[in-house]
Amino acid sequence: MNRTALSLSAALLATSATAHAGERLDAIKERGNLICGVSQPSAGWASPDDSGRMVGMDADVCRAMAAALFGDAEKVEFLPLNFQVRFQALQSGEIDVLSRQTTNTYSREISLGANFGPTIFYDGQGLMVNADLGVTSTLELDGASICILPGTTSEKNVSDYFRANNMSFEPVVFESGDEWRSAFFSGRCDVATSDRSDLASARAVANDPSQFVILPETISKEPLGPSVPQGDDDWWGIMSWVVYALFFAEERGITSQNVDEFLESEDPEIQRFLGVTEGLGSMAGLDDKWAYNAIKQVGNYEELFERHLGPDTPLGLSRGLNKPWTEGGLLYAPPFR
Numbered sequence: 000m001n002r003t004a005l006s007l008s009a010a011l012l013a014t015s016a017t018a019h020a021g022e023r024l025d026a027i028k029e030r031g032n033l034i035c036g037v038s039q040p041s042a043g044w045a046s047p048d049d050s051g052r053m054v055g056m057d058a059d060v061c062r063a064m065a066a067a068l069f070g071d072a073e074k075v076e077f078l079p080l081n082f083q084v085r086f087q088a089l090q091s092g093e094i095d096v097l098s099r100q101t102t103n104t105y106s107r108e109i110s111l112g113a114n115f116g117p118t119i120f121y122d123g124q125g126l127m128v129n130a131d132l133g134v135t136s137t138l139e140l141d142g143a144s145i146c147i148l149p150g151t152t153s154e155k156n157v158s159d160y161f162r163a164n165n166m167s168f169e170p171v172v173f174e175s176g177d178e179w180r181s182a183f184f185s186g187r188c189d190v191a192t193s194d195r196s197d198l199a200s201a202r203a204v205a206n207d208p209s210q211f212v213i214l215p216e217t218i219s220k221e222p223l224g225p226s227v228p229q230g231d232d233d234w235w236g237i238m239s240w241v242v243y244a245l246f247f248a249e250e251r252g253i254t255s256q257n258v259d260e261f262l263e264s265e266d267p268e269i270q271r272f273l274g275v276t277e278g279l280g281s282m283a284g285l286d287d288k289w290a291y292n293a294i295k296q297v298g299n300y301e302e303l304f305e306r307h308l309g310p311d312t313p314l315g316l317s318r319g320l321n322k323p324w325t326e327g328g329l330l331y332a333p334p335f336r
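As numbered in numbering that gives the first Met the number 0, residues 0 to 336 make up the sequence shown, in order.
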């Protein structure tokens, strides 16, 4: 390619970037708050507490973004969405970010216009049964009736799994998560299937959680994470690096309780991260204290996990793969430089 052609290509790329970068981010800043699409109540992920305040892992990820953008974690509006309309809401601009137990897949990025950020929970699909059924393995479920939500990754995964193991099942299809849970707990089907974290969330709100068993097999990979509409790389970058900030803070032992002590750190990367040294915020059009605000007001990844999903919560989940890379997990933040 000659120099003229190279110059033309560079000009076209620059024009494209100018046309598509920043529009959503500018709209968010002008509005003065973040609109976050979350689950219709899902314990541990996004569910209103007794005062009506949305609480959960997904909700707090959005609060961290609001703290980074505005210096105030409460400048976020939560819009509960069912699984059928979540990507429509993202595509139409009804929401700024989807933070709703959603799996990053090829088709969702390529066909549905979603740009996913870092995975915040490495999950996998499981199956749950009533303890009275006496089942200890998914391979004992040939001919079972299974409560399913249509149009989800769970529907395709369970079909593939049963076919691969020469088993059959009877699908019992419901149009909402509330119907799905109610039907299973009332005995209208033998099995409920979803992401293992979602099954734990459903079991946590059952009248007697001890009556329900999540079987040991994991039948799929389900990397869950937030996503934004395609077309604004600036907004996608900020969303992604806020999540990385939660990971990095845990790696370095920086919490909501001790973050002020780390302002005195002589570590150059921590100085940049917390805005003691100027520069990282201005690159993204943010205050240099954006990461400090997110950690101070919301917490690091470990704090969010233990607050909403961990062993001392009704969900009772262990960290598993969702530990820092320094502890053998998959959570890994690129350098803050």
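Ideal placement from N, C-alpha and C gives every residue a C-beta, glycine not left out.
Can you tell me which of the three DSSP states residue i falls into?
{"i": "Asp141", "result": "coil"}
{"i": "Cys146", "result": "strand"}
{"i": "Val171", "result": "strand"}
{"i": "Gly176", "result": "helix"}
{"i": "Phe211", "result": "strand"}
{"i": "Tyr105", "result": "helix"}
{"i": "Ala20", "result": "Note that Ala20 has pLDDT 48, beneath the 50 cutoff, so the model's placement of it is unreliable and the number below is only indicative. In the structure shown, Ala20 sits in coil (DSSP, three-state: anything other than H, G, I, E or B)."}
{"i": "Thr325", "result": "helix"}
{"i": "Gly125", "result": "strand"}
{"i": "Thr267", "result": "Residue identity check: residue 267 is Pro in the sequence provided, not Thr. Helix at Pro267."}
{"i": "Lys192", "result": "It should be noted that the sequence gives Thr, not Lys, for residue 192. Strand, per DSSP."}
{"i": "Gly70", "result": "coil"}
{"i": "Glu221", "result": "strand"}
{"i": "Val60", "result": "helix"}
{"i": "Leu245", "result": "helix"}
{"i": "Ile119", "result": "coil"}
{"i": "Met282", "result": "helix"}
{"i": "Met238", "result": "helix"}
{"i": "Val157", "result": "helix"}
{"i": "Leu330", "result": "strand"}
{"i": "Ser91", "result": "helix"}
Output the distance between the C-alpha atoms of residue i and residue j, rounded to the nearest integer angstrom.
{"i": "Gly280", "j": "Phe272", "result": "9 Å"}
{"i": "Gly105", "j": "Val37", "result": "Here residue 105 is Tyr; the residue named in the question, Gly, does not match the sequence. Going by the C-alpha atoms only, they are around 21 Å apart."}
{"i": "Trp324", "j": "Tyr243", "result": "13 Å"}
{"i": "Ala20", "j": "Asp231", "result": "Below a pLDDT of 50, predicted positions are generally treated as unreliable, and Ala20, at 48, falls in that range; no measurement from the model is reported."}
{"i": "Gly112", "j": "Gln90", "result": "7 Å"}
{"i": "Thr276", "j": "Pro310", "result": "37 Å"}
Just checking my contact of residue i with residue j at CB under 8 Å: how many whole Å lie between their CB atoms?
{"i": "Asp197", "j": "Ser41", "result": "7 Å"}
{"i": "Lys295", "j": "Val258", "result": "5 Å"}
Below 7 Å CB to CB, which residues in the same chain sit around residue i once its five sequence neighbours on both sides are set aside?
{"i": "Ile34", "result": "Glu76, Leu78, Ile94 and Asp95"}
{"i": "Ser264", "result": "Gln270"}
Can you list, in chain order, the residues of its chain with a C-beta nearer than 6 Å to that of residue i? Leave out the 5 residues immediately preceding and following it.
{"i": "Phe335", "result": "Glu268, Arg271 and Phe272"}
{"i": "Ala65", "result": "Leu33, Ala72, Lys74 and Val75"}
{"i": "Arg180", "result": "Ala201"}
{"i": "Ser412", "result": "The structure shown does not extend to residue 412, since the chain is modelled only from 0 through 336, so no value can be given for it."}
{"i": "Trp235", "result": "Asn114 and Val227"}
Excluding the five sequence neighbours on either side, which residues of its own chain have a C-beta within less than 8 Å of the C-beta of residue i, listed in chain order?
{"i": "Asn206", "result": "Phe184"}
Is the region 144 to 152 in contact with the region 169 to 188, if contact means three or more CB pairs nearer than 8 Å? The region 144 to 152 vs the region 169 to 188: in contact.
Is it the case that the region 103 to 118 contacts the region 186 to 197, given that we only count it when at least three CB pairs across the two stretches are under 8 Å? Contact fails: fewer than three Cβ-Cβ distances are below 8 Å.
Taking contact to mean at least 3 C-beta pairs separated by less than 8 Å, is the region 116 to 128 in contact with the region 214 to 226? As far as the Cβ criterion goes, the region 116 to 128 touches the region 214 to 226, which means the pair count is three or higher.
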